[in-house]
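K.L.:
I'd like to ask some things about the structure below.
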């Protein structure tokens with residue numbers, strides 16, 4: 001079980017370019033979550049997706065950011081026309097179907113190692 | 001202030017001492033989790049405590065939860081230099097579908 005795989009690990013983009021971050025959930029997990037961590041801060045929830053559905057995008061900026069989790073393939077977090085303030089670590093997590101924090105899974109979410117985006 | 005706030009913000013101790021970090025939150029929860037993050041790395045899940053539990057142990061970790069005060073504490077006993085990291089609490093909120101993290105406590109264990 002390879003765990004949650006994120007790529008790339010590091011991404012450098014110039015202002016105005018597009019950034020695409022990928023997340024492959026753990027085998028058997030159908031829920032994906034994206035979080036952003038600014039320097040010296042905790043993680044902030046961005047979006048929660050299931051296959052082909054956005055369930056909760058309350059943490060997504062209104063413009064330039066989008067996320068998808070297609071039927072086949074990884075989840076993608078897309079940032080258009082990046083600005084320096086988008087520089088951060090972006091973490092993906094996955095959980096199994098029906099996970100609501102009350103099951104026998106004592107390990108909660110499973111996080112990936114993150115993608116560190118630097119906008120120059 | 002934001003749900004899942006930790007204190008202290010930073011803690012520096014000598015190897016072998018105990019480290020205690022606290023977390024407060026605002027809304028009702030199903031569970032509360034603690035994570036560790038080494039500098040520049042991903043998150044490592046440490047322990048999950050459910051809302052109907054008051055205390056939980058895992059190795060050198062002891063977590064308490066007081067739902068009446070909406071607070072939790074993480075105790076690391078007999079600390080080691082390798083425990084140097086940032087520690088975050090995270091709550092799942094009402095619907096359990098997303099985690100709300102605090103700003104974290106930076107722990108430095110000096111050898």
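Chains as they are written, first to last, in this note's numbering: chain C, 1 to 120; chain G, 1 to 111. Just so it is clear, CB atoms sit at the ideal spot from N, CA and C, and this is done for glycine as well. Given the structure is predicted, the values throughout are model-derived calculations rather than measurements.
Nearest by alpha-carbon distance to residue 41 of chain C: which of G:108, G:104, G:111 is it?
P.N.:
Nearest of G:108, G:104, G:111 to residue 41 of chain C, Cα basis: G:104.
K.L.:
Name the chain G residues whose beta carbon is nearer than 7 Å to that of residue 111 of chain C?
P.N.:
In chain order: 42, 43.
K.L.:
Please say whether residue 60 of chain G and residue 76 of chain G have beta carbons closer to each other than 7 Å?
P.N.:
For residue 76 of chain G and residue 60 of chain G, yes; Cβs fall inside 7 Å.
K.L.:
Applying the 10 Å Cβ sphere with the 16-neighbour rule, what's the burial state of residue 36 of chain C?
P.N.:
Buried, by the Cβ-count rule.
K.L.:
Going by C-alpha to C-alpha distance, which of C:91, C:17, C:25 sits closest to residue 72 of chain C?
P.N.:
Nearest option by C-alpha distance: C:25.
K.L.:
Rounded to a whole number of angstroms, what is the C-alpha to C-alpha distance between residue 91 of chain C and residue 119 of chain C?
P.N.:
Cα to Cα, residue 91 of chain C sits roughly 17 Å from residue 119 of chain C.
K.L.:
Could you give the distance in angstroms between the alpha-carbon of residue 95 of chain C and the alpha-carbon of residue 110 of chain G?
P.N.:
The alpha-carbon atoms of residue 95 of chain C and residue 110 of chain G are separated by roughly 36 Å.
K.L.:
Measure the C-alpha to C-alpha separation of residue 78 of chain G and residue 16 of chain G and round it to an integer number of angstroms.
P.N.:
Answer to the nearest angstrom: the Cα atoms are 4 Å apart.
K.L.:
Output, in chain order, the set of chain C residues within a Cβ distance shorter than 9 Å of residue 102 of chain G.
P.N.:
Those within 9 Å of residue 102 of chain G in chain C are 42.
K.L.:
Pick helix, strand or coil for residue 56 of chain C, following the three-state DSSP scheme.
P.N.:
The answer is strand: DSSP assigns residue 56 of chain C an E or B state.
K.L.:
Is it the case that the stretch 14-22 of chain C contacts the stretch 110-119 of chain C, given that we only count it when at least three CB pairs across the two stretches are under 8 Å?
P.N.:
Result yes; three or more Cβ-Cβ pairs closer than 8 Å.
K.L.:
Any chance the stretch 18-29 of chain G sits against the stretch 79-92 of chain G, with 3 or more Cβ pairs inside 8 Å?
P.N.:
Flag = yes, the stretch 18-29 of chain G and the stretch 79-92 of chain G touch.
K.L.:
Of all the CB atoms in chain G, is at least one closer than 7 Å to the CB of residue 114 of chain C?
P.N.:
With 7 Å as the cut-off, residue 114 of chain C counts as an interface residue toward chain G.
K.L.:
How big is the Cα-Cα spacing for residue 67 of chain G and residue 57 of chain G?
P.N.:
So the alpha carbons of these two residues sit roughly 18 Å apart.
K.L.:
In or out: residue 16 of chain C buried (at least 16 other Cβ within 10 Å) or exposed?
P.N.:
Its Cβ having fewer than 16 others within 10 Å, residue 16 of chain C is exposed.
K.L.:
Identify whether residue 103 of chain C lies in helix, strand or coil by the three-state DSSP scheme.
P.N.:
Confidence at residue 103 of chain C is low in this model, with a pLDDT of 43, below 50, so its placement is unreliable and the value that follows should be read with caution. Of the three classes helix, strand and coil, the one that applies to residue 103 of chain C here is coil, per DSSP.
K.L.:
Can you tell me the Cβ-Cβ gap for residue 93 of chain C and residue 65 of chain C, rounded? I've got them flagged as a contact below 8 Å.
P.N.:
Going by Cβ atoms, the distance from residue 93 of chain C to residue 65 of chain C rounds to 17 Å, so no, they are not a contact pair.
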